[in-house]
Structures are given as C-alpha cells and as structure tokens.
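Scroll down for the structure; my scribbles are underneath it.
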Amino acid sequence: AQTVTQSQPEMSVQEAETVTLSCTYDTSESDYYLFWYKQPPSRQMILVIRQEAYKQQNATENRFSVNFQKAAKSFSLKISDSQLGDAAMYFCAYRSANTGNQFYFGTGTSLTVIP
Amino acid sequence: DTAVSQTPKYLVTQMGNDKSIKCEQNLGHDTMYWYKQDSKKFLKIMFSYNNKELIINETVPNRFSPKSPDKAHLNLHINSLELGDSAVYFCASSLGVGGPEAFFGQGTRLTVV
Numbered sequence: 001a002q003t004v005t006q007s008q009p010e011m012s013v014q015e016a017e018t019v020t021l022s023c024t025y026d027t028s029e030s031d032y033y034l035f036w037y038k039q040p041p042s043r044q045m046i047l048v049i050r051q052e053a054y055k056q057q058n059a060t061e062n063r064f065s066v067n068f069q070k071a072a073k074s075f076s077l078k079i080s081d082s083q084l085g086d087a088a089m090y091f092c093a094y095r096s097a098n099t100g101n102q103f104y105f106g107t108g109t110s111l112t113v114i115p
Numbered sequence: 116d117t118a119v120s121q122t123p124k125y126l127v128t129q130m131g132n133d134k135s136i137k138c139e140q141n142l143g144h145d146t147m148y149w150y151k152q153d154s155k156k157f158l159k160i161m162f163s164y165n166n167k168e169l170i171i172n173e174t175v176p177n178r179f180s181p182k183s184p185d186k187a188h189l190n191l192h193i194n195s196l197e198l199g200d201s202a203v204y205f206c207a208s209s210l211g212v213g214g215p216e217a218f219f220g221q222g223t224r225l226t227v228v
C-alpha cells in the first residue's frame, strides 16, 4: 500500500508570513494524484489544491502553491500571506490514477497562525 | 445544495446499541467511501463502493455494515456499539476509480458511553 508521510505534527506562522508544510509519499506508480486538504475546527474536510503527477507545472490556487518533486516523491504546500482563517489541520493525500479505490492520507500537520 | 451530506452530525449512544449514519451525495459521483478519523486525527479507509458494488472492505469489525441502495447513497450501520467505536466518521464521494478529488461530508461525531 502507498504511504504518505507528514513529518511536521505542528507548525506555526505569523500572520502575513509564509509557511511551508512538508509531505513525502511512497509509490511505485507513475500516474497518480496528490492533494492537500484542510480541516478547520468545524471538522469539514476542504480541498485546498490538487496536483496531477503527469503535470510538471506546480499547481497554484491563490495564496496556496505546491512544490511537486516527482523523483524525490515530495509534495510540499506553501501558504503565502497567512491569514487567521488558515489555522487548521492540513492533510496530504495520495490517490492512484489507475487503481484509485481509496485515498491515502498523511497524519496531518496542525497549523497555528499567530496574530 | 450540500454536495455530500451526512446525518446525524452528532450521535451519543450507550454501549451495546445499534445505530446508523446516513450519507447522500448530489454530485453524480459513482464512488463513495467511509473513513474513520480517530482521536489523533488519523484518517483510515473503512469501505469503498463503486456503482453500488463494494470494492474495499478494510479490516473493520463485522459489526460495521455498509449499505448502498443506489449510487447517491451510502449508509453505515453499526451493531453492538463499543467504547472504541467513538470517533468521527466521514462519508466522501468521487468521480470514478482513479478520478480526481474526493468531496467530504461534514462528519458524524460518534460518542459511545
């Protein structure tokens, strides 16, 4: 089974600053999707950003961007101009594009935004 | 208007009871999931259905029984509830095997006392 590793259980950032959350994964497949989900205290799981493995260009969504390093199997999330509303648990997730019966999640990173 | 809706949001019940959680999606997706999130926030797959067919059944006690009457619904019935079943249960859906992202319901916080 694929594994997704988030090595930072907790991170903090000053409001308006930039923070990077790390994620690595293990797979033998070449075609897959990677995701970052946000879970605020309301516990709703919200998709932040998606990356297709076949795309070399890093995905961006407003203040959120990723650094996708396929060879290194690394997928980090950069949050620019951090806002108080960014405080949440962030989960990295993997899904095979060919046999994707499930999403594999990392253990999450709890992000605190300091005013 | 809600894409994936679960009911109830909160469920408090006594040990030994039987309870159900309902899930419905209006996105036209053909794959639905149940995930369990434990107290450490770890998300673990329980079941996955594609076009009403069970395709993943992880190591889950057989007290947990999913039912998918149609592609838009996936319910979870739990018999003889135990203290260790206390967790947040998420329903999710996606488009096709190997399709893009999953959309999640708001979760059901189950507390067994």
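Chains as they are written, first to last, in this note's numbering: chain A, 1 to 115; chain B, 116 to 228. No residue lacks a Cβ here, since even glycine has one placed at the ideal position from N, Cα and C.
| Item | Value |
| --- | --- |
| Name the two residues that bound the continuous beta strand (DSSP E) containing Thr-99 of chain A. | Careful: Thr-99 of chain A lies outside any beta strand (DSSP E) and carries neither H nor E. |
| Under 9 Å, CB to CB, which of the residues in the stretch 207-221 of chain B have a partner in chain A? | Ala-207, Ser-209, Gly-211, Val-212, Gly-213, Gly-214, Pro-215, Glu-216, Ala-217, Phe-218, Phe-219, Gly-220 and Gln-221 |
| Are Ile-193 of chain B and Arg-178 of chain B touching if we call contact CB-CB under 7 Å? | yes |
| Work out the CA separation of Ser-42 of chain A and Tyr-150 of chain B for me, nearest whole Å. | 17 Å |
| Would you kindly check if the distance between the Cβ of Phe-35 of chain A and the Cβ of Glu-173 of chain B is under 7 Å? | no |
| Could you check which residue in A:Ile-114, A:Leu-111, A:Phe-91 and A:Asn-101 has the C-alpha nearest to that of Thr-24 of chain A? | A:Phe-91 |
| Does Met-158 of chain B have its Cβ less than 7 Å from a Cβ in chain A? | A small correction: the amino acid at residue 158 of chain B is Leu; Met does not occupy that position in the sequence shown. Leu-158 of chain B counts as touching chain A. |
| Along the stretch 189-204 of chain B, where does the CB come closer than 9 Å to a CB of chain A? Name the residues. | Val-203 |
| For Phe-75 of chain A and Gly-131 of chain B, what's the separation of their Cα atoms in angstroms? | 43 Å |
| How far does the beta strand (DSSP E) with Ala-207 of chain B in it reach, from first residue to last? | 202-209 |
| Taking Tyr-54 of chain A as part of the beta strand (DSSP E), name the residues at either end of that continuous run. | From DSSP, Tyr-54 of chain A is part of no beta strand (DSSP E); its letter is neither H nor E. |
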